[in-house]
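FYI, in our numbering the residues of the sequence shown are -18 to 162. Data block below; observations after.
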Amino acid sequence: MKISINTGFIRSALALMVIVMCAWITSVQAQGTPEQKNKEIVLKWLNNFWGSKYNPAIIDELATPDMILQYSLHKPRKGQADIKDFMKKFRDAFPDLAFEGAYPLLADGEYVIARWIGGGTHTGTAFNDWPVGALPAATGRKMRFTGTTVFRVVNGKVAEEIGLDDGLTALMQLELVRPVK
């Protein structure tokens, strides 16, 4: 008994299978990993919340309703309204306030770590959210400092932003603390 194999059909089927697999791989790569998506969310947050072109709408877009914002230089903040109020006062006091990423973001699961640098010039309103005292209006003092922040992203929104900053440097630059002589 003679068996006939249609090699043209086999070649066509294999070619179709390769095309489908390539399309699937491209689709998976385009979607990105959960960590990559979280890094993109944090980068958008950093650029629009802490960057030079502040956009208050970013809080409604990317912050959970009960988001926690905590740094050593400021009182802890909780919730969108509290965070909006904090940033309005901070930017009213430091109109040129701007921070930017200093290194690539690192991510593991829902956590994203960012190192940053930035600051601003106190040319605006008085500001009293420092742990060591208040600044009167428009001192003209500049601050520039660094820090590291751990973000927690849940369901595409920032739930926590907890950072450690070089607050001593900023407070010395603003003349709120003085070096020991």
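Ideal Cβ positions, reconstructed from N, Cα and C, are used throughout, including at glycine. Please read all numbers here as calculations on a predicted model, not as lab measurements.
(1) Apart from the five residues on each side of it in sequence, which residues of its chain come closer than 6 Å, Cβ to Cβ, to LYS59?
(2) If the criterion is Cβ atoms closer than 8 Å, does the pair ALA119 and PHE108 meet it?
(3) Please confirm whether ASP77 and GLY99 have their CB atoms less than 8 Å apart.
(4) Can you give the Cα-Cα distance for LYS82 and ASP63, rounded to whole angstroms?
(5) Where do the ends of the beta strand (DSSP E) carrying THR129 lie?
(6) Taking three-plus beta-carbon pairs below 8 Å as touching, is the segment 82 to 98 in contact with the segment 127 to 135?
(7) For ASP110 and LYS138, which I take to be in contact (beta-carbon distance under 8 Å), what is that distance rounded to the nearest angstrom?
(8) May I ask you to list the residues that DSSP assigns as paired with ILE49?
(9) Could you pull the DSSP bridge partners for PHE108 from this structure?
Judging by the given coordinates:
(1) In the same chain as LYS59, and ignoring 5 residues on each side of it, the C-beta atoms closer than 6 Å to its own belong to ILE49, in chain order.
(2) no
(3) no
(4) Strictly speaking, residue 82 in this sequence is Gly, with Lys absent from that position. Cα to Cα, the separation comes out at about 24 Å.
(5) 123 to 135
(6) yes
(7) Not quite, the Cβ-Cβ distance comes to about 24 Å (not below 8 Å), so this is no contact.
(8) In the DSSP output, where bridge partners are listed per residue, ILE49 has LYS59 and GLU141.
(9) Answer is LEU116.
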